[in-house]
Amino acid sequence: LTEYSLLLKQIHLDMDINVAYKHEGDFHKYKVTEKHFLGRPVEVSLNDDLVVSTGYSSGLATVYVKTVVHKISVSEEFCSFYLKIDTQDIEASSHFRLSDSGFKRIIACASYKPSKEESTSGSSHAVMDISLPTGIGANEEDLRALVEGVDQLLTDYQIKDGHVILQLNSIPSRDFLCVRFRIFELFQVGFLNPATFTVYEYHRPDKQCTMIYSISDTRLQKVCEGAACTCVEADCAQLQAEVDLAISADSRKEKACKPETAYAYKVRITSATEENVFVKYTATLLVTYKTGEAADENSEVTFIKKMSCTNANLVKGKQYLIMGKEVLQIKHNFSFKYIYPLDSSTWIEYWPTDTTCPSCQAFVENLNNFAEDLFLNSCE
1289 LTEYSLLLKQ IHLDMDINVA YKHEGDFHKY KVTEKHFLGR PVEVSLNDDL
1339 VVSTGYSSGL ATVYVKTVVH KISVSEEFCS FYLKIDTQDI EASSHFRLSD
1389 SGFKRIIACA SYKPSKEEST SGSSHAVMDI SLPTGIGANE EDLRALVEGV
1439 DQLLTDYQIK DGHVILQLNS IPSRDFLCVR FRIFELFQVG FLNPATFTVY
1489 EYHRPDKQCT MIYSISDTRL QKVCEGAACT CVEADCAQLQ AEVDLAISAD
1539 SRKEKACKPE TAYAYKVRIT SATEENVFVK YTATLLVTYK TGEAADENSE
1589 VTFIKKMSCT NANLVKGKQY LIMGKEVLQI KHNFSFKYIY PLDSSTWIEY
1639 WPTDTTCPSC QAFVENLNNF AEDLFLNSCE
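In structure tokens, the structure reads:
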């Protein structure tokens, strides 16, 4: 319809067309008129991009460029971009906030890898597809600025189904082209799943380059149960000081009643085993103060921590108060296995069974006050 409407205008064709190499200067000139509206095909001898321009001309003309490549070998299936992506902390605003790790910015960069038959100037129209972890949103103000700014780094953007999709005229081969935008927390989740950064040329979506990234400062680790695995943010928990009378019953209740705290248990550790980079603790659930998923009193539960986290070593036979985020669910055969990661958001506190010493007796009484208050009054 657009071409038809343009033809209806019956613009007089009188056009001077200059074709030049992007880096090597002028190449060919055409004069197109109503009588001579076809130009003679010419062969491009240099390996460079072409720039087509017109002066003060009138009319509508179309340029056709045909690329012929003679190859004996089979077609190459390879990634055509170098990728790198990172996040950095910036000062939080009053409107957008990442509650735990502060306000952040994503920096996604790509550089084109031309084939031997291509020039080294850059890619054709390209797409960056940045998936965001569950619960994370992108700042549209930053994205609009990239489209509408003087540099016009992007031609368009779209936020759809947790993906930030960016359109670019070209991605250079000599340097990295980087896109920066702020991200913020939409809602809290227990674990931030790994996200992906994908780049491809618009006309070659089958040749995608993808890498995995995390918005957390901690390293992603893989937790497996049989053949089923999932990735978690494996940061470290901190065991509370033993028999610390400075910790009040109110401070424990405050932790238990936070929205992100999904469970509060009193447990006894029955075994500890090392598996890959993790230590798995098996425990008997003695008392449930705040109900977690798939756990009943006197049942067996599993906790995990990264092996290098030495500040949260649990001892077989000892009792602990453990409060944390939701359980990690792994599909195993035809059922689910539930594992509780001990991360930086987990409250771990030794619960003595020996009350012979005066300090132990006072400490246990403090713990019992916390338990009684939570039982009677819940989270008011």
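Using my numbering, the letters of the sequence shown map in sequence onto residues 1289 to 1668. C-beta: ideal position from N, C-alpha, C; glycine also.
How about Y1569 and T1590: are their beta carbons less than 9 Å apart?
-> As a first step, residue 1569 is located in the sequence shown; it is residue number 281 there, counting from the start. As a first step, residue 1590 is located in the sequence shown; it is residue number 302 there, counting from the start. Yes, these two residues count as a Cβ contact at 9 Å.
Closest residue to L1371 among H1300, E1405, I1459, V1320 (Cα-Cα distance) = For the purposes of this step, residue 1371 is taken as the residue at position 83 of the sequence shown. If we check each option's Cα against that of L1371, I1459 comes out closest.
For I1418 and G1425, the rounded distance between their alpha carbons | What you label residue 1425 is simply residue 137 of the sequence shown in a count that begins at 1. What you label residue 1418 is simply residue 130 of the sequence shown in a count that begins at 1. The straight-line gap from Cα to Cα measures roughly 11 Å.
Give every residue of the same chain whose Cβ lies closer than 6 Å to the Cβ of W1635, excluding the five residues on either side of it in the sequence, and list them in chain order.
-> Sequence index remark: in the sequence shown, residue 1635 carries index 347 (1-based). These residues qualify, in order along the chain: K1543, M1611.
Decide if K1323 is buried, meaning its Cβ has at least 16 other Cβ atoms within 10 Å, or exposed.
-> On the sequence shown, position 35 is the one that residue 1323 refers to. That one is exposed.
In three-state terms, what does DSSP make of L1574?
-> Translated into positions along the sequence shown, residue 1574 becomes position 286. Looking at L1574 - three-state DSSP - the assignment turns out to be strand.
Where do the ends of the beta strand (DSSP E) carrying S1419 lie?
-> Residue 1419 sits at position 131 when you count from the first residue of the sequence shown. Counting along the chain, the beta strand (DSSP E) containing S1419 begins and ends at 1414-1419.
Kindly list the residues whose CB is nearer than 8 Å to the CB of D1661, restricted to its own chain and excluding five residues on each side of it in sequence; keep chain order.
-> As a first step, residue 1661 must be located in the sequence shown, where it is residue number 373. Only A1537, K1541 meet the Cβ criterion.
May I ask you to report which of helix, strand or coil DSSP gives E1707?
-> With the chain running from 1289 to 1668 in the structure shown, residue 1707 is simply not present.
Beta-carbon separation (whole angstroms), Y1318 vs V1415, contact threshold 8 Å | If you number the sequence shown from 1, residue 1318 lands on position 30. If you number the sequence shown from 1, residue 1415 lands on position 127. Contact flag wrong, Cβ pair sits at about 33 Å.
CB contact flag (Y1551, V1575, <9 Å) | On the sequence shown, residue 1551 is found 263 positions in, with the first residue counted as 1. On the sequence shown, residue 1575 is found 287 positions in, with the first residue counted as 1. Result no, Cβ atoms of Y1551 and V1575 do not sit closer than 9 Å.
Between the CA atoms of V1351 and L1508 - distance to the nearest angstrom = Indexing the sequence shown from 1 puts residue 1508 at position 220. Indexing the sequence shown from 1 puts residue 1351 at position 63. In this prediction, L1508 scores a pLDDT of 49, lower than 50, which makes its location untrustworthy; the coordinate-derived value is nonetheless stated afterwards. L1508 and V1351: Cα-Cα distance of roughly 50 Å.
Should V1615 be labelled buried (16 or more other beta-carbon atoms within 10 Å of its own) or exposed?
-> The sequence position of residue 1615 within the sequence shown is 327, counting from 1. Label assigned to V1615: buried.
Start-to-end residues for the beta strand (DSSP E) that takes in A1426 | Translated into positions along the sequence shown, residue 1426 becomes position 138. Here the beta strand (DSSP E) through A1426 covers 1424-1426.
Beta-carbon proximity check, A1234 vs L1655, cutoff 9 Å | Residue 1234 lies beyond the residue range present for the chain, which begins at 1289 and ends at 1668; the question has no answer from this structure.
Bridge partners of R1470, per DSSP?
-> Numbered from its first residue, the sequence shown carries residue 1470 at position 182. Looking at the DSSP assignment, R1470 forms a beta bridge with R1393.
Could you name the residues of the same chain whose beta carbon sits closer than 6 Å to that of S1412, not counting the 5 residues immediately before and after it, in chain order?
-> The residue labelled residue 1412 in the question sits at position 124 within the sequence shown. E1489.
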